Amino acid sequence: MPVNTTLADFSNGLLLSTLILYALAMLCYASDFAFARHRVIAGTGEADAGAAAPEAAAMPELVTAGAGSGSAPASGASQAGAASLAIGGRQGSAGAGTAAVAGAAGLTSHGGPSDNAPASRWPSGFWLRLAFGLTCTGVVLHVLAILTRGLAEHRVPWGNMYEFIGAFTCMAVLVLIAASVWYRAYYMGLFVLLPVVLALGIDLTWIYTPAGALVPALQSYWIAIHVTAMIVAIGLFIFGAVVTTLYLLTDRSQRRLAAGLPSWSAGIWRHLPVPSILDRLSYRSVLFGFPVWTFGVMAGAIWADHAWGRYWGWDPKETWSFITWVVYAMFLHARATAGWRGRRAAWIHLAGFACLMFNVIGVNLWITGLHSYAGMS
Amino acid sequence: MRTALILLFLLALASVPGSVLPQEGIDPSAVTQYYQSHPSLAPILDRLSLFNVFSAPWFAAIYLLLFASLAGCVLPRTFRLVGSARQKPPRAPSNLGRLPASATYTTDLAPAAALDSAAGLLAGRRFRLHRGDGWVSAEKGYLREVGNLLFHIALLALLLSVGLGGVFGYKANRLLIVGQGFANTPTDLDVFRPGRLVSPSDLQPFSINLLSFRAEYVTSGPQLDQPITYDAAMSYRPQLGGPVKHYVLTVNHPLVVDNVSVYLIGHGYAPIFKVTDGTGKVAWDGPVPFIPVQQTTLTSEGVVKVPDAQPYQLGFAGVFLPSAAVSANGQLESVFPGPLNPRVSLVAFKGNLGMNSGEPQSVYTLDTGGLKRLPVAPRPLSAGQSVKLPEGAGTITYLGYQQWVSLAITYDPGQLPALASGIAALAGLILSFLVRRRRVFVRAVSGPDGGTQVSLGGLARSDAAGGFDAEFAELTRLLRAEHDGRSVQASRIGDGTVDGPDDFDDRERGRLAVPAALTVAAATATDQASTGESGAGEPPPPEARPAVSRTAETATPEAPAVANPETLTGREEE
Ligand code: HEM
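In order, the protein sequence lines correspond to chains A and B. Basically my numbering = 1-based index in the first sequence + 6. Basically my numbering = 1-based index in the second sequence + 1.
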């Protein structure tokens, strides 16, 4: 079936609009940092003050009892009497580290975070609402751009690098939105959209490939399984890598401040939560991403077996998927090993991401192999 | 585990050169090229097995060490898991307030009744129980360890399956011209790479004939030249003398005969030549496969060897252009992979082909050592045209072309076990990520005021995905509701996680590991919060004792001190 070029052009327009919306969203996230007044790190969750009253009523006895040595954030929370979900002060600060969970009532079952009080989920403040709205609109256009591309080509719309980058950046933004709502990680918006906008810009200019048919080697239902898994995993890993970078930066800034050294970036990082929370968020993204990646590599092996006659042949792409997998597994091990948690593990995490990026970009551009989409040898 | 980490890292590191340098097993011609462009470096790299990384002895050494370390790690852990699954949870520590998560309240129930209902609640939630005098301890989440072990054992099985395929399987290649056939025997295969324990008689006795081959390409637009379809229609006999079956082989749909898979991995053109030698005898008549040197337009090169020609042996080196056209700079080149305007141009040689020297020769190269080039002006031939060779050497006629496909034939008995291990590994991984192992303790003692003081404590190990705190809070809420507890005097749900494997070691049963360096930091009265009690509407009991609450300063400075992992936020707008 011939390519529907009108629809393909429409898809290109949609992707460009997506890029513009994301760029605008970034500006709004930045304005939120600049203009909205935020409490310094380790205050209570932003929506908690509002949500706290009913929770406190439902569960009045569970009370803030943390805040040793009058650590400012936590005691502030208990004074408010509304510290439903207080977060312990900075790690390592004397006696901090515990805070009460009066909001336990809100956590009605040990299910996921979705059980939290809904009131606390949504963004607050003009700039943040605008930024989040733009992000969501952008992602809708992004999904539509991918859908229309697929309809124009009568196939799965991730058959070449242009389409692949378009797809995993979309996944990264979806992860951002999910994390924003689930974990109230709205502060991630600016930092995740930055690489997404860069990648989409490069994608639309240098990597752009017109719509077309697939080479025979890619004509298989396995493309829908294997490549989709990779896209999901990469979206999660991008998010994880951004969080980890922020973790390392905030952690460094805090250590400098603690040591009495100046930290020029502290002004930015005070909009972010304490490093330990970032650390957990990044761990979680790998916790989701790693099994998906494992599945994707396995699906790739099964596909390789169908197309090339062996399930593993140390093709450069396979080799780098393996290396990526090993480094992320090392991260998981490191995170479970005393003495490796924290910064060292974070560096391993970033090394894993570097391998991933080399696989996605480097191997496609500089190394020829069966995955060069050249079709048959 | 540290050794395993290092070995894992080495394995990853060791596979890097295999992806950067050309590999014998994957692309031998690229290795030859590398030798030409780096004549001094290549032999050194070769000595280090860097052109054969994945079968190098040092690669195997890392692999085997990892295997050993994995086995040495998994086996004892399995025994320990079996052992701990049969043991009861450890007894409750005396001071539950020291645990990462804890809560205390008073009730009017007698201690024994309070404990009974606590045990009932925990048992209803499928905790394993251990009861003692004044306490209940409960544990849940062994599936986490089961999942983790399943994952590691499955990795072992995967490594074994790969080995199995390497020892009992084989790989072969066969180039097959349309109209020809072959049988699956070592002599009839172009390349035959048997596993260590495969003998020629183990080969499944099928035979295949190629009936036709069809390739389709994009004929216009930006994707010009890109292939769309390859179909190879073949007839085959699964058994010698058995019934004939038919199959259309395409790229993602291998033919499976007798557990052997046959794949379509390449295709090309085989121009047909007829060579008449100096004596007037037909010395060659048939197709000769040419190898594509340019993938997009299938410009192909090949050689024709005519050892039977008299009085001299003849050899030809040729270029086949499926769609010849004159380019802008006046050169003749192929502009499309399909056969729109096929042309062949040849260079002719006479003399000795050197085929009797005993050394095996490639059918795709001409050893020009004993040959003399004949002065024939190169001219692109179309079907039916001939070249008369000078010096009475004979005539060569280009009659047309045929197509060929290259087939990969593999037999890998390790395939299914590998797939099964892969699935088991993934299942184990997900299981170990989803489940957390945790312990909950309840103590009930009669208080001085006649009421019963109930305290709860809990901790989870590797609560990677978070959620134990919420579960603990929920348990506390349910139990308190059941006991109609009057007030909660203290509750602390900190980071209920003990991450390190050693912190939760079963060998230390009974001695519960708690993050070290617990300090009594503050004792906070709780009037404030008791005031708004919802259900009972009672005023706060005046006798409410100051609750003891403590602050955990975990031993590892890195350990997160987060109240509730669900709230990954730390900002507030005012
Ligand atoms: C190819 C090699 C290996 C891979 C890909 C791998 C991967 C993993 C993964 C993904 C986890 C889960 C981490 C977690 O639950 O936090 C894990 C846990 C674990 N691995 Fe491995 N592993 C490998 C080899 C080994 C070896 C050789 C050992 C022992 C010497 C080992 C010991 C452990 C232990 C003890 C855990 C449990 C950590 C915990 O429960 O917190 N692993 N491994």
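All residues carry an ideal CB built from backbone N, CA and C; glycine is no exception. The structure displayed is predicted, hence computed values, not measured ones.
Reduced DSSP category for residue i - H, G, I as helix; E, B as strand; rest coil
i: residue 129 of chain B; result: strand
i: residue 584 of chain B; result: No answer is possible for residue 584 of chain B: the residues shown for chain B start at 2 and end at 575.
i: residue 407 of chain B; result: strand
i: residue 114 of chain B; result: helix
i: residue 272 of chain A; result: helix
i: residue 200 of chain A; result: helix
i: residue 254 of chain B; result: strand
i: residue 353 of chain B; result: coil
i: residue 368 of chain A; result: helix
i: residue 424 of chain B; result: helix
i: residue 226 of chain A; result: coil
i: residue 211 of chain B; result: strand
i: residue 141 of chain B; result: strand
i: residue 103 of chain B; result: strand
Distance, residue j Cα to residue i Cα
i: residue 64 of chain B; j: residue 241 of chain A; result: 31 Å
i: residue 405 of chain B; j: residue 273 of chain B; result: 12 Å
i: residue 1 of chain B; j: residue 23 of chain A; result: Outside the shown range of chain B (2 to 575) lies residue 1 of chain B, about which nothing can therefore be said.
i: residue 446 of chain B; j: residue 473 of chain B; result: 20 Å
i: residue 290 of chain A; j: residue 174 of chain A; result: 18 Å
i: residue 358 of chain B; j: residue 308 of chain B; result: 13 Å
i: residue 346 of chain B; j: residue 382 of chain B; result: 6 Å
i: residue 204 of chain B; j: residue 261 of chain B; result: 9 Å
i: residue 368 of chain B; j: residue 34 of chain B; result: 18 Å
i: residue 14 of chain B; j: residue 89 of chain B; result: 44 Å
i: residue 153 of chain B; j: residue 424 of chain B; result: 12 Å
i: residue 164 of chain A; j: residue 485 of chain B; result: 59 Å
i: residue 201 of chain B; j: residue 187 of chain B; result: 6 Å
Neighbourhood of residue i by C-beta, 7 Å cutoff - its chain only, sequence neighbours within 5 removed
i: residue 128 of chain B; result: 139, 140, 141, 441
i: residue 358 of chain A; result: 330, 333, 334, 337
i: residue 70 of chain B; result: 4, 5, 8
i: residue 38 of chain A; result: 131, 133, 134, 137
i: residue 27 of chain A; result: 140, 143, 144, 147
Proximal residues to residue i (C-beta, below 8 Å), its chain only, five neighbours per side dropped
i: residue 311 of chain B; result: 278, 279, 280, 282, 284
i: residue 181 of chain B; result: 210, 211
i: residue 150 of chain B; result: 75, 78, 79, 82, 429
heavy atom of the ligand SAM below 7 Å from residue i C-beta
i: residue 427 of chain B; result: For the ligand SAM, the structure offers nothing, since it holds only the ligand HEM.
Close beta carbons around residue i, own chain, < 6 Å, minus the five adjacent residues each side
i: residue 349 of chain B; result: 317, 375, 377, 390
i: residue 158 of chain B; result: 422
i: residue 131 of chain B; result: 89, 90, 138
Residue-level contact to chain C via CB, residue i, 8 Å cutoff
i: residue 432 of chain B; result: No chain C appears in the structure shown, which is made up of the protein chains A and B.
Short-range partners of chain A found in the segment 225-252 of chain B, where Cβ spacing is below 9 Å: 227, 228, 229, 230, 231, 251, 252
- request: Evaluate the contact criterion for the segment 101-110 of chain B versus the segment 436-455 of chain B: three or more CB pairs, one atom per stretch, below 8 Å.
  value: Below 8 Å, enough C-beta pairs join the segment 101-110 of chain B and the segment 436-455 of chain B to call them touching: three or more.
- prompt: Taking three-plus beta-carbon pairs below 8 Å as touching, is the segment 222-241 of chain A in contact with the segment 292-312 of chain A?
  reply: Under the three-pair Cβ rule at 8 Å, the segment 222-241 of chain A counts as touching the segment 292-312 of chain A.
query: Residues in the segment 213-235 of chain A with C-beta within 7 Å of chain B's C-beta atoms, listed in sequence order?
result: For the segment 213-235 of chain A, residues whose beta-carbon sits nearer than 7 Å to a beta-carbon of chain B comprise 216, 218, 219, 221, 222, 223, 225, 226.
- prompt: In chain order, what residues of the segment 14-30 of chain B put their CB closer than 9 Å to some CB of chain A?
  reply: From the segment 14-30 of chain B, only 14, 16, 17, 19, 20, 21, 24, 26, 27, 28 have a Cβ closer than 9 Å to chain A.
message: Please list, in chain order, the residues of the segment 48-76 of chain B that have any C-beta partner in chain A closer than 9 Å.
response: 54, 55
- request: For the segment 88-97 of chain B and the segment 429-443 of chain B, state whether three or more C-beta atom pairs, one from each stretch, are separated by less than 8 Å.
  value: yes
- prompt: Are three or more beta carbon pairs between the segment 249-264 of chain A and the segment 346-356 of chain A nearer than 8 Å?
  reply: yes
message: What are the residues in the segment 331-344 of chain A lying within 9 Å of chain B by C-beta distance?
response: 331, 332, 333, 335, 336, 338, 339, 340, 341, 342, 343, 344
- prompt: Between the segment 281-304 of chain A and chain B, which residues of the former have a C-beta closer than 7 Å to a C-beta of the latter?
  reply: 282, 283, 285, 286, 287, 289, 290, 293, 297, 300, 301, 304
- request: Using a Cβ-Cβ cut-off of less than 9 Å, give me the residues of the segment 152-178 of chain A that come near chain B, in sequence order.
  value: none
task: Please confirm if the segment 9-19 of chain A is in contact with the segment 148-161 of chain A, defined as three or more CB-CB distances below 8 Å between the two stretches.
output: The segment 9-19 of chain A vs the segment 148-161 of chain A: in contact.
message: By the 9 Å beta-carbon criterion, what residues does the segment 308-324 of chain A contribute toward chain B?
response: Contacts with chain B (Cβ-Cβ distance below 9 Å) from the segment 308-324 of chain A involve 308, 309, 311, 312, 313, 314, 315, 316, 317, 318, 319, 320, 321, 322, 323, 324, listed in chain order.
- prompt: Can at least three beta-carbon pairs, one atom from the segment 314-332 of chain B and one from the segment 242-260 of chain B, be found at a separation below 8 Å?
  reply: no
message: Under 8 Å, with one C-beta from each stretch per pair, do the segment 262-279 of chain A and the segment 309-322 of chain A reach the 3-pair mark?
response: They do not touch, by the three-pair rule.
message: Using a Cβ-Cβ cutoff of 7 Å, what residues of the segment 286-318 of chain B are near chain A? List them in chain order.
response: 296
query: Which residues, in order along the segment 400-417 of chain B, keep a beta-carbon less than 7 Å from a beta-carbon of chain A?
result: Listed in sequence order: 409, 411, 416.
- prompt: Does the segment 158-173 of chain B touch the segment 193-202 of chain B, meaning 3 or more C-beta pairs lie closer than 8 Å?
  reply: yes
- request: For the segment 235-250 of chain A, enumerate the residues whose C-beta is nearer than 9 Å to any C-beta of chain B, in chain order.
  value: none
message: Under 8 Å: do the segment 209-225 of chain A and the segment 279-287 of chain A share three or more Cβ pairs, one atom per stretch?
response: no
- prompt: Got a sec: which bits of the segment 175-200 of chain A sit with their beta carbon under 9 Å from any beta carbon on chain B, in order along the chain?
  reply: For the segment 175-200 of chain A, which is checked against every Cβ of chain B, the residues closer than 9 Å are 185, 188, 189, 190, 191, 192, 193.
query: Got a sec: which bits of the segment 200-223 of chain B sit with their beta carbon under 8 Å from any beta carbon on chain A, in order along the chain?
result: 219, 222, 223
query: Going along the segment 15-29 of chain A in order, which residues come within less than 8 Å of chain B, judged by CB to CB distance?
result: Correct list: empty, as no residue qualifies.
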